[in-house]
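Here is the structure we will look at, set down as structure tokens.
In this note's numbering, the protein residues as written are 301 to 373.
Structure below.
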């Protein structure tokens, strides 16, 4: 069941990592995110990364909990 723990962790890293990196780069001033409400490729990317993070957090945590319980049994 260790593989389930690893899969859950990978889902979290792949889902949340790019969004956190994008936020950090914007906060450090290395990139500029669009402020307008017009639809641009950057805004589509931000929406996609937000959706990916929103889906991956519960799925990754659930898989890690299931793997942890079965590892202890």
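Where a beta carbon is used, it is the ideal one built from N, C-alpha and C, also for glycine.
- With contacts defined as CB atoms closer than 8 Å, residue 367 and residue 302 qualify as a contacting pair.
- Boundaries for residue 373: no alpha helix (DSSP H) harbours it, and the DSSP string shows neither H nor E there.
- Taking C-alpha positions only, residue 329 is separated from residue 309 by approximately 29 Å.
- Each of 369, 363, 324, 349 was checked against the Cα of residue 304, and the nearest Cα belongs to 363.
- Within the same chain, Cβ atoms closer than 8 Å to the Cβ of residue 349 are found at 318, 319, 322, the five residues on either side in sequence being excluded.
- By the neighbour-count definition (other C-beta atoms within 10 Å, threshold 16), residue 306 is an exposed residue.
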